[in-house]
Structure formats: C-alpha cells, structure tokens
Amino acid sequence: MAVDAHAAATQGMDLFNTAFLHSQIFWTAVAFGLMMFIMAWKVLPVITAILDERAERIRNDLDTADAKRQEAELSLAAYEKKLAEAKGEASDIVSEARVEAKKLVDARLGELEDELKRRRDEATKAIEATKAQAMKELQGQVAELAVQVTEKLLTESVDAKKAEKLTNQAVKNLVN
Amino acid sequence: MSANPLHQFEIHKIYDLQVAGFDLSVTNHTMWLFIGVGLVSLLMLWGSRRAQLVPNRMQSFVEVTIDFIRTLTKETAGESALRFLPFIATLFLFLAAANVIGMVPGSFTATSQMLTTGFMALGVFMIVIGVGFYVQGLKFFKLFYPEGTPWWLAPLIVLLEVISFFARPATLALRLAANMMAGHILLKVFASFVIMLMVVLPPLALVPLLINVALTGLEIGVALLQAYIFTILTCVYLHDALHGH
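Sequence lines, in order, name chains A and B. Heads up: the first sequence at position 137 corresponds to 137 in the working numbering, and the numbers run straight through without jumps. Start counting at 1 in the second sequence, then tack on 1000, and there's your number in the working numbering.
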C-alpha cells in the first residue's frame, strides 16, 4: 500500500508524520466539540443541579435537626422546671402536714393533760370532802360521846379507870 | 503485527475523505479517538440519565468525577474559573478517554501523536491568552514582569518569563505525547521479549510477561495521571489569565 510505503520511507519519523495533519486536527476538534456539547448541554447541568439540590437538602435537614434539638432542649428545661416545682410543692405539703400533725398531737396532749388534771382535782376534792365529812361526823359523835360520858359520870360515879375504859369502849363502838 | 515498536503509532487511512482540498480522511486515529471519547460520553450521559437525589452507582460515579474536576478547577484557578468548567471537564475526560482507550491491545493512542497534543496545547494556549486579555486587558502583560522585581533585573526576568510563557504549549504537548509514546513502546518491547524468549528459553518468558502485566497497570495509571496533569496545568494557566501572577 502507498501508506505503508510512505511509512517505510519515513521509518522512525512516524511520530512526526504530518501526512494526516489535517485529518488529526479536524477530527480531534470535532470529537472535542461533540464531547463538550454533551457535557455542557446535559451532563454538567444535571449533575450540578443535583449536587446543589442535595447540598440544599442537607443544609435544610441540618437546620431542621438544629431547630428540633433546640425545641427538645426547651421542653426539657420546662419539664425540669415543672419537676422542681412539683418537688417543692410536695415538700411543702409534707412539712405542712408535719406541722399540722404536731399541732394535733399537741392539742390532744393538752386535752389529755387537762383531763387528767381535772380528774385529779376532782378526786382530790372528793377525798377532801369525804375527809371533812368524816371529821365532821367524828366531831359530832365525839361530842355526843362526851355528852354521854358526862351523863354517865353524872349518873354513876366512876373512878378514873372505869371512866377510861368506858371512853375507849364508846370510841370503839363508834369506830365500828 | 510488526516487531517494530513504533509500528503501533502508524496512522493509516480507513475511509478516504477530501473536503475543499483538505485530506480529512477517517483514520485509525479518528476511529479510536471516537471510540474512547464516545464511550466516556455515553458513560457520563448514562450516569446523569435520571439524576436522583439519592444516587445509584452510575450517578455516584459521574458525580464523583465531576466533583473531582470541579474541586480541581476551583482550587487551582479560583472560584471565577468555574465558568470554564465545561471546557476543563471535557478536556480532562477527553484526554483520559484517549489515553485509556490506547491501552486496549491493537488500538491506537491518539494522544501519542505530537500533532494532536500540539493542537490541543495550542488551543489551551490561545484560550488562556484570549481570557487573559479579555479579563485583564493590557495588564495581562504584567505576567512577564512580576511585581517586586528589581528594575535592574527586569531585562533578564522579562526575557525568562516570555520564554517560559511561550514554552508552555510545547511542554504541555511534549509531556503528554512523550509519556503515552514511551509507555506503549515499553509495553511493546517487553512483549517482544516474551515472544523471543518463548522461542529460546520458554520458562524465562514468564519474567517479561509479569513485568508487562505490572507495566499495563502502571500505564493505565499514567494515562489518567497525564490527563490530570494536562488539566491541572491548564487550570494554572487560566489562573494566571484570570488573576495575574
């Protein structure tokens, strides 16, 4: 072939073979142009758009997540505040109840003490009344006895010894 | 197949096409360039076919690729360079496609051709110059005289900067083509060792074979790396054009 003959003639010069200079340049330019058209018309717009969309989506998701986190933190704070309030309220109730109970106990104790005091006073009074009564009766009987003794002394003369004996007997009678 | 390791870089006509006196014939260069670029384009289209917020595997792959180029552009050339993303993304994928499809046995590596890489490097160079003058106006010339340079050093510095500026497309083109070519020649040379040893001392043929397996992996890495380097240098040059030195 003519081409082979030409190549043989320029043996070792293949690399700078200018036989197809125009063909090389033309077809390289055409191939490059076609590829650049495909890239600029379809591939790059589509891929750039989808990359931007994804970036936007990720940014949105991050923002949403951040907002959610802040929301959660707020509600946690609110919950903790409520919890603290409830705890305070509970301890208030407990201490109130304690005070109330103490009051009740104190009142009851006071009442009991009063009651006991009253009963003791009553008993003391009763005892004293009985005592006074007894004394009064005793006095009366002693007086009566003294009258009787005097009568006897007046009616029958008795020595001292007999008188004593009589008196004792009278007292004994009285006591029994 | 020829034993000549340079045979693989030979361009031959597949379909004759003459337009207005220009020879625009479809060659193996054209065919494999279109196969590689077509496959990568289809991959990109397939991955962005029905883009979902929750991506499937293909969509994830395309997203990661695009995001990688986007990050590269932004970090190397700045936020304002993102309007060149279609160009830069295409540049990277185009070179990666051409480089990697060349790893298919029997295929043709379009980027091993100095004329192809030269054309692309010149294209990048022109775009950088255009953007530089469009964005910075005549201040773009400050590129050749960095701020803070002592006046007595100016002649030397300006000369160096001008040379380094105009060396850019040449280095860009040479680096890519040389890397692709060297890798493929190496693979071919080791492959021919395997065949030679099969004739002379069969068990020993295993050594170059294993080396070739490792080299294939390395070359796929180099194919992607060179596409990356070409792209990142383009971004560096764009940074100069957009923001000055």
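Note that CB positions come from ideal geometry on N, CA and C, so glycine has one too.
Item	Value
Please check the pair B/PHE1144 and B/PHE1165, which I expect to be a contact at CB under 8 Å, by giving their CB distance rounded to whole angstroms.	7 Å
Can a CB atom of chain C be found closer than 9 Å to the CB of A/ARG57?	The chain labelled as chain C is not found among the protein chains of the depicted structure, namely A and B.
On the premise that B/HIS1029 lies in contact with B/ALA1110, defined as a C-beta separation below 8 Å, what is that separation, rounded to the nearest angstrom?	5 Å
Listed in chain order, which residues of the region 1025-1057 of chain B have Cβ atoms closer than 7 Å to some Cβ of chain A?	SER1025, THR1027, HIS1029, THR1030, LEU1033, PHE1034, VAL1037, SER1041, MET1044, LEU1045, SER1048, ALA1051 and LEU1053
Helix, strand or coil, according to DSSP, for B/GLN1018 in the structure here?	strand
Quick check: the Cα distance between B/VAL1131 and B/ARG1083, rounded to an integer number of angstroms?	12 Å
Suppose contacts are defined by Cβ-Cβ distances below 9 Å. Is B/ALA1051 in contact with B/ILE1129 by that definition?	no
May I have the straight-line CA-CA distance separating B/THR1231 from B/ILE1088, to the nearest angstrom?	7 Å
Who are the neighbours of B/GLU1147 on chain A, taking C-beta pairs under 8 Å?	The premise fails here: B/GLU1147 is roughly 35 Å from chain A at the closest Cβ pair, so nothing lies under 8 Å.
Using DSSP's beta-bridge definition, name the partner residues of B/LYS1013.	B/THR1027
From the DSSP output, in three-state form, read off A/ARG108 for me.	helix
Among B/LEU1091, B/SER1060, B/GLN1059 and B/ASN1056, which residue has its Cα nearest to the Cα of B/LEU1072?	B/LEU1091
Determine, using beta carbons only, whether B/PHE1119 comes closer than 9 Å to chain A.	yes
Here's a check: name, in chain order, each residue in its chain whose Cβ is nearer than 6 Å to the Cβ of B/GLU1161, leaving out the five neighbours to either side.	PHE1144
Along chain A, in chain order, which residues have C-beta atoms closer than 9 Å to that of B/PRO959?	With chain B represented from 1001 up to 1245, any question about residue 959 of chain B goes unanswered, as that position is not in the structure.
Looking at chain A, is there any beta carbon in it that lies within less than 9 Å of the beta carbon of B/THR1234?	no
Any beta carbon from chain B within less than 9 Å of A/ILE93's own beta carbon?	no
Taking B/MET1180 as part of the alpha helix (DSSP H), name the residues at either end of that continuous run.	1154-1200
For the region 55-81 of chain A, which residues have a beta carbon sitting closer than 9 Å to at least one beta carbon of chain B?	ARG57
Is A/ILE47 buried or exposed, if buried means 16 or more other CB atoms sit within 10 Å of its CB?	buried
Between the region 57-69 of chain A and the region 1100-1119 of chain B, do at least 3 Cβ pairs fall closer than 8 Å?	no
Let me check understanding here. Comparing Cα to Cα, which of B/LEU1093, B/TRP1152 and B/SER1112 lies closest to B/ALA1173?	B/SER1112
Going along the chain, which residues of its own chain have a beta-carbon closer than 7 Å to the beta-carbon of B/MET1058, five neighbours each way excluded?	TRP1046 and GLY1047
Grouping DSSP H, G and I as helix and E and B as strand, with all else coil, what is B/SER1060?	helix
In chain B, which residues lie with their C-beta within 7 Å of the C-beta of A/GLU53?	LEU1053
So, do the region 1135-1152 of chain B and the region 1187-1202 of chain B have three or more beta carbon pairs nearer to each other than 8 Å?	no
With a Cβ-Cβ cutoff of 9 Å, do A/VAL171 and A/LEU145 count as a contact?	yes
Does DSSP put B/VAL1236 in a helix, in a strand, or in coil?	helix
Quick one: residues in its chain with C-beta nearer than 6 Å to the C-beta of A/THR28, no 5 flanking neighbours on either side, listed in chain order?	none
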